[in-house]
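S.K.: This is the structure, below, for whatever I ask next.
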Ligand code: AMP
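What follows is the structure, encoded as structure tokens:
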């Protein structure tokens with residue numbers, strides 16, 4: 026497995042792969058790779074012959090008071106994990122290579138990016154889509170895989186790819202969880218043992234709402250309250266607990282009757298980390314069997 030840092034080398038490698046008849050698979054990441062990322066790489070290897078993992082902590086998707094500076098950077102371990110999972114190439118560019126001197130151009134995102142994380146992290150999805158569009162421009166026609174852990178991100182990228190006519194097939198991969206239900210995340214590294222234990226309120230809340238939904242509850246407020254209660258007991262603060270249309274990512278008010286397929290998404294701060302998670306009610310299995 027090779028590692029390249031220069032965008033021109035990524036483009037060359039992907040062009041060469043296609044020239045010999047291989048399908049290119051792309052897995053964009055910010056590094057600090059874990060089993061969730063490995064699952065994406067393995068899913069890519071099932072669909073493509075030449076799998077590229079990008080490792081880039083993208084500055085434009087972080088707000089001024091967010092964790093860009095302290096985000097874990099573990100390239101050697103990332104390379105080992107990517108190789109083990111079946112990657113042929115790791116692309117780990119410097120910031121300047123992705124944002125040339127004088128850079129001023131951004132992707133403009135719309136309604137899909139407006140609520141949930143978009144409302145709480147101004148500019149975040151513009152930064153995400155801009156860097157992903159650059160990766161797509163370098164990789165060329167390919168299949169690109171994204172985790173449903175970042176559900177709104179997946180939907181925003183699907184929308185961008187469609188709207189900008191990009192030659193990329195987007196595949197969403199189910200959230201990988203620890204045995205106790207906590208979604209794997211690079212930011213879990215920030216958590217103390219006690220905070221890690223408190224974070225189990227997230228899968229508990231999602232699962233309680235899932236259980237109610239399975240029994241027929243369709244009132245947005247009741248589902249939201251069931252999810253929110255355990256989370257409110259442990260979180261330092263809650264950014265949101267929202268029910269939303271799973272395709273447009275537009276929230277439902279508490280008095281709405283939600284459809285048989287509904288996104289339930291949460292974001293909160295706990296022990297110095299900002300954690301997000303979600304389930305699509307009516308589609309995803311609950312994180313826990315007995316909430
Ligand atoms: P990140 O490095 O956090 O930007 O994530 C890179 C990709 O891995 C994104 O598509 C994420 O949605 C995906 N990902 C992160 N954690 C998980 C997880 N627990 N399960 C599935 N995919 C994940």
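Numbering (this note's numbering), first residue to last: 26 to 316.
Glycine included, C-beta positions come from ideal geometry on N, C-alpha and C.
Here the structure is a predicted model, which means the values were calculated and not measured.
Contact defined as beta carbons within less than 8 Å: I believe residue 290 pairs with residue 215. What is the distance between those atoms, to the nearest angstrom?
M.R.: Translated into the one-based positions of the chain shown, residue 290 becomes position 265. Translated into the one-based positions of the chain shown, residue 215 becomes position 190. In fact, because the Cβ distance is near 20 Å, the residues do not count as touching under 8 Å.
S.K.: Using 6 Å as the cut-off, classify the Cβ of residue 208 as near or not near the heavy atoms of the ligand AMP, replying yes or no.
M.R.: Along the chain shown, read from residue 1 onward, the residue named residue 208 stands at position 183. Flag set: Cβ of residue 208 near the ligand AMP.
S.K.: Does the region 96 to 107 touch the region 130 to 145, meaning 3 or more C-beta pairs lie closer than 8 Å?
M.R.: As far as the Cβ criterion goes, the region 130 to 145 does not touch the region 96 to 107, which means the pair count is below three.
S.K.: Can you tell me whether residue 79 is helix, strand or coil according to DSSP?
M.R.: As a position in the chain shown, residue 79 is number 54, starting the count at 1. The answer is strand: DSSP assigns residue 79 an E or B state.
S.K.: Considering only heavy atoms of the ligand AMP, does any lie closer than 6 Å to the CB of residue 123?
M.R.: For the purposes of this step, residue 123 is taken as residue 98 along the chain shown, with counting starting at 1. Not so, every heavy atom of the ligand AMP lies at least 6 Å from the Cβ.
S.K.: If residue 35 sits next to residue 77, beta carbons under 8 Å apart, how far is it from one beta carbon to the other, in whole angstroms?
M.R.: On the chain shown, position 10 is the one that residue 35 refers to. On the chain shown, position 52 is the one that residue 77 refers to. Yes, they are in contact, since the Cβ atoms of residue 35 and residue 77 sit about 7 Å apart, within 8 Å.
S.K.: Measure from the alpha carbon of residue 132 to the alpha carbon of each residue in 184, 167 and 81, then state which is nearest.
M.R.: Here residue 132 refers to the residue found at position 107 of the chain shown. When only C-alpha atoms are compared, the closest one is 184.
S.K.: Between residue 38 and residue 52, is the Cβ-Cβ spacing less than 7 Å?
M.R.: The residue labelled residue 38 in the question sits at position 13 within the chain shown. The residue labelled residue 52 in the question sits at position 27 within the chain shown. Not in contact: residue 38 and residue 52 (Cβ atoms no closer than 7 Å).
S.K.: Give the secondary structure of residue 99 by DSSP, where H, G and I count as helix, E and B as strand, and everything else as coil.
M.R.: On the chain shown, position 74 is the one that residue 99 refers to. In the structure shown, residue 99 sits in coil (DSSP, three-state: anything other than H, G, I, E or B).
S.K.: From the DSSP output, in three-state form, read off residue 294 for me.
M.R.: Numbered from 1 along the chain shown, position 269 holds the residue referred to as residue 294. DSSP places residue 294 in strand when its eight states are reduced to three.
S.K.: Where does residue 11 fall in DSSP's three states?
M.R.: Because residue 11 is not part of the residues shown, which for the chain are 26 to 316, the question remains open.
S.K.: Is residue 247 near the ligand ZN, in the sense that its beta carbon is under 6 Å from a heavy atom of that ligand?
M.R.: Absence of the ligand ZN is noted for the structure shown, with the ligand AMP being the only ligands found.
S.K.: Judging by CA-CA distance, which residue of 54, 237 and 61 is the nearest neighbour of residue 208?
M.R.: Indexing the chain shown from 1 puts residue 208 at position 183. Measuring from the Cα of residue 208, the nearest candidate turns out to be 61.
S.K.: Where does the unbroken beta strand (DSSP E) through residue 53 begin, and where does it stop?
M.R.: Numbered from 1 along the chain shown, position 28 holds the residue referred to as residue 53. Element bounds for residue 53: 49 to 54.
S.K.: In whole angstroms, what separates the C-alpha of residue 200 from that of residue 211?
M.R.: Within the chain shown, the letter at position 175 stands for residue 200. Within the chain shown, the letter at position 186 stands for residue 211. So the alpha carbons of these two residues sit roughly 13 Å apart.
S.K.: Any heavy atom of the ligand AMP inside 6 Å of the beta-carbon of residue 81?
M.R.: Here residue 81 refers to the residue found at position 56 of the chain shown. It does not: the Cβ of residue 81 is nowhere closer than 6 Å to a heavy atom of the ligand AMP.
S.K.: Taking the alpha-carbon positions, what's the residue 237 to residue 269 distance?
M.R.: Against the chain shown, residue 237 aligns to sequence position 212. Against the chain shown, residue 269 aligns to sequence position 244. C-alpha separation (whole angstroms): 16 Å.
S.K.: Could you tell me which residues DSSP puts in a beta bridge with residue 303?
M.R.: Walking along the chain shown from the start, residue 303 turns up at place 278. Residue 303 pairs with 290.
S.K.: For residue 174, count neighbouring Cβ atoms within 10 angstroms of its own Cβ and tell me buried if that reaches 16, exposed if not.
M.R.: The residue given as residue 174 occupies position 149 in the chain shown. Residue 174 is buried by the Cβ-count criterion.
S.K.: Checking the sheet assignment: what are the DSSP bridge partners for residue 28?
M.R.: Position 3 of the chain shown, counted from the start, is the residue given in the question as residue 28. In DSSP, residue 28 forms a bridge with 115.
S.K.: Is the separation between the beta-carbon of residue 72 and that of residue 88 shorter than 7 Å?
M.R.: The sequence position of residue 72 within the chain shown is 47, counting from 1. The sequence position of residue 88 within the chain shown is 63, counting from 1. Not closer than 7 Å, so no.
S.K.: Compute the minimum distance between the beta carbon of residue 185 and the heavy atoms of the ligand AMP, and state whether it is under 6 Å.
M.R.: By one-based count along the chain shown, residue 185 stands at place 160. For the ligand AMP, not one heavy atom lies less than 6 Å from the Cβ of residue 185.
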